[in-house]
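Below: one structure, written as structure tokens.
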Amino acid sequence: MKQVKTGDDSVTYHNPKYDETYHSTSGAVEEACEKFVKPCKIEERSKEKDSIKVLDICFGLGYNSCAAIDAAECKIFITALENDEEIIHRIKEVDPQFENYSLLKELVRTKPRTHAWKLSTDQVNIKLILGDARDEIKKLKNKFDCIFLDPFSPKKCPELWTKEFMQDIYNVTAPGGILATYSCAKSVRDNLKEAGFKVEDGPCIGRKSPSTIATKQ
Ligand SMILES: C[S@@+](CC[C@H](N)C(=O)[O-])C[C@H]1O[C@@H](n2cnc3c(N)ncnc32)[C@H](O)[C@@H]1O
């Protein structure tokens, strides 16, 4: 896979199978912070709670999870789903400008015992599950305060934008929970609404169109 330098100097990769990059080329770290972590209000929520639970769907290089760790002021529990071991191993090759990226390098340093990597500190608990998000989400027992939905585009990866998958996400979202995604496609928003989410515009970062914020009321 080819490395690509993005507009904020952070690095991403180009995936040849999907013919897409893992992040916006306008800025990979910026995208994680501005399109995912800020709309989910991780910092604000972490000031009001003892702990916060995050579901990172499509972990990739873990930029969204790491931006969440950097922003959280309370204990953060992250469950992450990813089906491609190759991108997980690329974490060792990149050094994005996050305070806590060394934690993710530590997480994936050794082979997972089962199909999950786990790491726990006083502040952070991460479980990275290797498998198809559509199957793994059905096995989750927790309800999550914040959800990052970051698949490749609806055109290239339609299976992770379906009404059925949105319903499975809704079922593991805590009341008041917030989902953030970069897409503002009508079909995506319709599926989120049909699953039960209230849908609003997210910020416009690196392009004219907004991202999407979905809330479970
Ligand atoms: C746009 S990238 C995510 C980038 C990531 N959030 C990051 O910060 O690096 C999409 C990711 O979805 C993963 N993916 C594709 N299909 C999947 C599936 N069915 N289940 C789980 N992950 C999948 C890809 O391997 C890829 O890592």
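To convert, note that position 65 of the sequence shown is 184 in the numbering used here; the numbers rise steadily by one, no gaps.
The beta-carbon is built from N, C-alpha and C at its ideal position, and this holds for glycine as well.
Quantities reported herein were computed from a predicted structural model and do not represent experimental measurements.
Any non-hydrogen atom of ligand 2 closer than 7 Å to residue i Cβ
{"i": "P270", "result": "Of the ligands one can find in the structure shown, namely ligand 1, none is ligand 2."}
Beta-carbon gap between residue i and residue j smaller than 8 Å
{"i": "T125", "j": "H133", "result": "no"}
{"i": "I297", "j": "T334", "result": "yes"}
{"i": "I171", "j": "D264", "result": "yes"}
{"i": "I324", "j": "E162", "result": "no"}
For residue j and residue i, believed in contact at Cβ under 8 Å, the rounded distance
{"i": "L174", "j": "E204", "result": "That belief does not hold up - the Cβ atoms of L174 and E204 are roughly 20 Å apart, past 8 Å."}
{"i": "F155", "j": "D254", "result": "Not really, about 23 Å apart at Cβ, beyond 8 Å."}
{"i": "T331", "j": "R308", "result": "6 Å"}
Residue i versus residue j - alpha carbon distance
{"i": "V148", "j": "D251", "result": "25 Å"}
{"i": "L259", "j": "S129", "result": "32 Å"}
{"i": "A235", "j": "N202", "result": "11 Å"}
{"i": "I176", "j": "N261", "result": "14 Å"}
{"i": "S221", "j": "G179", "result": "16 Å"}
{"i": "S143", "j": "S306", "result": "21 Å"}
{"i": "C193", "j": "K312", "result": "31 Å"}
{"i": "L226", "j": "V123", "result": "24 Å"}
{"i": "I266", "j": "K166", "result": "18 Å"}
{"i": "L238", "j": "I195", "result": "12 Å"}
{"i": "L279", "j": "S328", "result": "21 Å"}
Alpha helix (DSSP H) segment containing residue i, residue limits
{"i": "E150", "result": "A147 to E150"}
{"i": "K312", "result": "K305 to A314"}
{"i": "R264", "result": "Strictly speaking, residue 264 in this sequence is Asp, with Arg absent from that position. No alpha helix (DSSP H) contains D264, which is instead part of the beta strand (DSSP E) from F263 to L268."}
{"i": "I207", "result": "E204 to H208"}
{"i": "K160", "result": "No alpha helix (DSSP H) contains K160, which DSSP labels as neither H nor E."}
{"i": "I324", "result": "Segment: none, I324 is in no alpha helix (DSSP H) and carries neither H nor E."}
For residue i, three-class secondary structure by DSSP
{"i": "L223", "result": "helix"}
{"i": "D138", "result": "coil"}
{"i": "Q286", "result": "helix"}
{"i": "F155", "result": "helix"}
{"i": "K258", "result": "helix"}
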